[in-house]
Each structure stands twice: as C-alpha cells, then as structure tokens.
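End of the sequence shown = 162 in this note's numbering, gap-free, step of one. Built from N, CA and C at the ideal position, the CB exists for glycine as well. On a predicted model such as this, the values are computed, not experimentally measured, just so you know. Report on one structure; see the data block that follows.
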Amino acid sequence: MNDQAFQALEVLYDALAEELQRLQPVCRMSGACCRFEQAGHRLYVTALELEHLRARTGFAGADWSRVKEGACPFLDRGRCGVRTHRMLGCRVYYCDPAFQPRMSGLYEKYHERVKGIMRAHGLPYEYFDYLDRMRAEASHETNGA
Ligand code: SF4
18 MNDQAFQALE
28 VLYDALAEEL
38 QRLQPVCRMS
48 GACCRFEQAG
58 HRLYVTALEL
68 EHLRARTGFA
78 GADWSRVKEG
88 ACPFLDRGRC
98 GVRTHRMLGC
108 RVYYCDPAFQ
118 PRMSGLYEKY
128 HERVKGIMRA
138 HGLPYEYFDY
148 LDRMRAEASH
158 ETNGA
C-alpha cells in the first residue's frame, strides 16, 4: 500500500476530528469500547485503515495476550496506545447516549470516503472484523512466523 493513500486517510481523519469537535460527544475514557467481547460489540475495519496503523506504528507496544480476552492489543491502562493512528470505528464510537443517534450516519459517511480513497489508489475493497484479524496477527507474533 502506498504512502499517498495513507496520507489521504490522514486528511480524512483530520476532517472527522473537526466534525467531532463541533458535535462534542462525551468520552469517559473507560476503555470499555476497546474490550470488544466484554462490551458485546465488534469493530470492522478496512485493509487501508489497518495497514495505515501498521505502517505508522509497526504495531509497537501491542500486548498480544489481550486478544485472548477479546480486547484490543493496543489498549494500555484504559487508554488507546495508538490514538493518533487509530481506525475510523475507534474515532466514531462513543458510549455517550446523546451521540448514539448520530454515530452510524457519521460512520457511513466517512467509511464511504475511505472506500473512495481505496478506489482512487487502485486498492481492492477489504473490510473485516478487527479482532479476528488481530487474533491472526497475535498467533503470527507468538509463533514467530
Ligand atoms: S486502536 Fe485504540 S481506540 Fe481502537 S480499539 Fe484499540 S485501543 Fe481502542
């Protein structure tokens, strides 16, 4: 994947941050949303978002044992350890009840834009369950393959 696609994604993340700044959803920073199995929800990501995270962080700081508990390997003492480079779903999800009616529309709007970036850069559309993919990554890391 090329860096231009990653840069376009970063521009999109900045635009989303501006929009969220106006909407002011409340985050209590409990980290509950990153413990997927405990929270009973799933995070879906595109290959572009995940490869961007890999390219920018090298997945440094991942605690792969967390995926066995159904949590994100980047959750660090209740905080996101890769906040600057986190994926679209991480940015849009808030447990603030007042924000929930806006959430799916906002996600769809930016997800369509991510798809547009992938198309513009000739990338195939891949969209998958993040935790499933992280389990595969954890097994790769653990086995040293
Ligand atoms: S990348 Fe960060 S915000 Fe997203 S699930 Fe992991 S810890 Fe949570």
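- Under the DSSP assignment, Val28 falls in the alpha helix (DSSP H) whose first and last residues are 20-40.
- Val99 is the residue among Asp93, Leu65, Val99, Tyr61 whose C-alpha sits nearest the C-alpha of Gly75.
- In its chain, beyond the 5 residues on either side, Leu60 have a beta carbon closer than 6 Å to the beta carbon of Gly106.
- The three-state secondary structure of Arg94, taken from DSSP, is coil.
- Taking non-hydrogen atoms of the ligand SF4 into account, the C-beta of Leu65 is found less than 7 Å away from none of them.
- Ordered by chain, the residues meeting the criterion of a beta-carbon within less than 5 Å of a non-hydrogen atom of the ligand SF4 are Cys51, Cys89, Phe91, Leu92, Cys97, Arg103, Cys107.
- Residue pairing by DSSP places Tyr144 opposite Thr63 in a beta bridge.
- Per DSSP, reduced to three states, the secondary structure at Asp149 is helical.
- CA-to-CA, the gap between Glu36 and Gly87 works out to about 30 Å.
- Residue Arg83 holds the alpha-carbon nearest to the alpha-carbon of Arg52 among Arg83, His128, His102.
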